[in-house]
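For reference, the structure discussed in these notes is given below.
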Amino acid sequence: MSGGSGGSGGSGGSVGKAAGREVFEYALLRVVPRVERGEMINAGVVVYCRARSLVVARTHLDEARLRALDPGADLEGVRAALRAAEGLCHGGDAAGQAAREAPGTRFRWLVAPRSTVVQPGPVHTGLTSDPEAEAERLLELLVR
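So, in structure tokens, the structure goes:
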């Protein structure tokens, strides 16, 4: 029995590739300092895995890149918005009423389109055996 990337020639080959992996969804968190210009930098990722009842956000703000787009950007306001996204994923009373919702509801709230300085990108899907590690991998690949 193989769980690797080798093909089996039959129609069941793709099933073996997914063994032990779960579907996940993710969206980037983007900072758009001047909405009217549409320029942005990626500053985080939100990952949701229904099978694991998990929603997690990882963020990293590259202040130099943000200042290159807008020297007067409200860095503390952006940091606060990114912390709020992470806090909503962690849940608990400090994160407010929405943090008590189910993980899927919190993910949908975080990725809902909005016209603010911190905006979600489109939702993408994938397969992973470790959604939390996937969040770290996507942060390194797409944000840092």
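Sequential numbering of the sequence shown, starting at 7, is according to the numbering used here.
The beta carbon of each residue, even a glycine, is placed where N, CA and C say it ideally should be.
Predicted, not measured: the structure shown is a model, and the values here were computed from it.
>> Could you tell me the alpha carbon to alpha carbon distance between T134 and A118, rounded to whole angstroms?
In response: Here residue 134 is taken as the residue at index 128 of the sequence shown, counted from 1. Here residue 118 is taken as the residue at index 112 of the sequence shown, counted from 1. Those two C-alpha atoms are separated by around 23 angstroms.
> Nearest CA to the CA of F113: which residue from A91, E140, V41?
Replying inline: As a first step, residue 113 must be located in the sequence shown, where it is residue number 107. Checked all of A91, E140, V41; the closest Cα to F113 is A91.
> What are the boundary residues of the beta strand (DSSP E) that H130 is part of?
Replying inline: Translated into the one-based positions of the sequence shown, residue 130 becomes position 124. Run containing H130: 130-134, per the beta strand (DSSP E) assignment.
>> If contacts are defined as beta-carbon pairs under 8 angstroms, then V38 and V123 qualify, I think. What distance do you get, rounded to the angstrom?
In response: Numbered from 1 along the sequence shown, position 32 holds the residue referred to as residue 38. Numbered from 1 along the sequence shown, position 117 holds the residue referred to as residue 123. Right, the Cβ-Cβ distance comes to about 6 angstroms (below 8 angstroms), so this counts as a contact.
> Per the contact definition of three or more C-beta pairs closer than 8 angstroms, is the segment 100-112 in contact with the segment 67-87?
Replying inline: no
> In its own chain, which residues sit with a C-beta less than 8 angstroms from the C-beta of R58, not counting the 5 before and 5 after it?
Replying inline: Counting from 1 along the sequence shown, the entry for residue 58 is found at position 52. The answer, listed in chain order, is E28, P137.
> Excluding sequence positions up to five away, which residues of its chain have a Cβ less than 7 angstroms from the Cβ of E142?
Replying inline: Translated into positions along the sequence shown, residue 142 becomes position 136. The answer, listed in chain order, is R64.
> Going by the CB atoms, is the gap between G110 and Y54 shorter than 8 angstroms?
Replying inline: Taking the first residue of the sequence shown as 1, we reach residue 54 at position 48. Taking the first residue of the sequence shown as 1, we reach residue 110 at position 104. Yes, the Cβ-Cβ distance between Y54 and G110 is below 8 angstroms.
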